[in-house]
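Visitor:
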Amino acid sequence: RNAIENVNVIIATYNDSSMGDLQVRPELGNVAFGSGLHGWGFSIETFAKILSAKSGMEKSKMMEKLWGDWFYNPKKKVWTNVQQPEDCEEPLQRGFCQYVMNPINQLIRAIMDKDSEKYEKMMARVGIVLKGEDKNLTGKALMKHVMQNWINAGESLVAMVVMKLPPPKLAQRYRVENLYDGPMDDEAAMGIRNCDPSGPLMMYVSKMVPAADKSRFYAFGRVFSGTVATGQKVRIQGPHYRPGSRDDLHVRAIQRTVLM
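The sequence shown finishes on residue 283 if you use the numbering used here, and the numbering steps up by one all the way, no holes.
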């Protein structure tokens, strides 16, 4: 919680009004939790989908209950913002702890403690079935396999990118000034701003990947304007290119186009 608050302080420091509200809030589903080392991760939305299907509560409302000072009172079967109501002998757990972290911790602990009876029941509840050689996994290897199948980090991050980041047509309207050094009213800038597939080709190459036979490179990048096609002649401006000069400027034909 403190880490998220610290991040929001930094975001507020460099806030740009043209980009809208950039504050991150777990209850909105734009914060991911997990382990990069073990390859698992999730957002509040991941568990809200499961719990809302069981309880009948709207997903957006369930997401609000799974973060902050919200507690579920099992006696009255209601959510409350009071940690210890009068009818409870012990303080209630926060929704995030009870319905998100506890199941994760219990599953990991059961696997690491080799409590097969417990973790097999938990795996069955979340729909994880071990097949083939996976049945022979134990300890950390089994834990990584199970967690990656249950709450995969890659799937969670891609879902956040798709659902929470603005689409190119919207984002490039305010990003064009950071993407392009030329005049903001020329054909290239207009193509980037409008995300125009018929505009001049403007592509940023972020990585050069050598082919298996090392005879050529694949230029891995993103198209901001125009359309890439095999055989198309393009101007390649290298890292040492300076406007007005021909240093590190090359004209080449695209030999092959691959979509990722």
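The beta-carbon is built from N, C-alpha and C at its ideal position, and this holds for glycine as well.
Taking Cβ to Cβ, would you say I34 is nearer than 7 Å to L45?
Guide: The sequence position of residue 34 within the sequence shown is 11, counting from 1. The sequence position of residue 45 within the sequence shown is 22, counting from 1. Contact flag set, yes.
Visitor: Helix, strand or coil for T69? Go by DSSP, reduced to three states.
Guide: Residue 69 sits at position 46 when you count from the first residue of the sequence shown. The answer is helix: DSSP assigns T69 an H, G or I state.
Visitor: With a threshold of 16 other CB atoms inside 10 Å of the CB of R275, please say whether the residue is buried or exposed.
Guide: What you label residue 275 is simply residue 252 of the sequence shown in a count that begins at 1. Counting Cβ neighbours within 10 Å, R275 comes out exposed, since fewer than 16 surround it.
Visitor: Just checking my contact of V47 with N31 at CB under 8 Å: how many whole Å lie between their CB atoms?
Guide: Within the sequence shown, the letter at position 24 stands for residue 47. Within the sequence shown, the letter at position 8 stands for residue 31. Going by Cβ atoms, the distance from V47 to N31 rounds to 6 Å, so yes, they are a contact pair.
Visitor: Three or more beta-carbon pairs under 8 Å between the stretch 226–233 and the stretch 244–252, yes or no?
Guide: yes
Visitor: Might you give, ordered along the chain, the residues of its own chain that have their beta carbon closer than 7 Å to the beta carbon of L165, omitting 5 neighbours on each side?
Guide: Position 142 of the sequence shown, counted from the start, is the residue given in the question as residue 165. Excluding residues within five positions, the ones whose Cβ falls inside 7 Å are I134.
Visitor: Check H273 in the structure and name its three-state DSSP category.
Guide: What you label residue 273 is simply residue 250 of the sequence shown in a count that begins at 1. Strand, per DSSP.
Visitor: Rounded C-beta distance between V152 and W173? I'm assuming under 8 Å.
Guide: Numbered from 1 along the sequence shown, position 129 holds the residue referred to as residue 152. Numbered from 1 along the sequence shown, position 150 holds the residue referred to as residue 173. Rounded, the Cβ-Cβ distance is 11 Å, inconsistent with contact.
Visitor: The ligand FMN and A182: does the residue's C-beta get closer than 6 Å to at least one heavy atom of that ligand?
Guide: Ligands in the displayed structure: none, and consequently the ligand FMN is not present.
Visitor: Looking only at DSSP bridge pairs, what is M225 linked to?
Guide: Translated into the one-based positions of the sequence shown, residue 225 becomes position 202. Partner(s): S248.
Visitor: Start and end of the alpha helix (DSSP H) containing R148?
Guide: Start at 1 with the first residue of the sequence shown, and residue 148 comes out as number 125. S139 to R148 is the span of the alpha helix (DSSP H), which, as asked, contains R148.
Visitor: Express the C-alpha separation of F243 and M146 in angstroms, rounding to a whole number.
Guide: Walking along the sequence shown from the start, residue 146 turns up at place 123. Walking along the sequence shown from the start, residue 243 turns up at place 220. Their backbone Cα atoms lie some 39 Å apart in a straight line.
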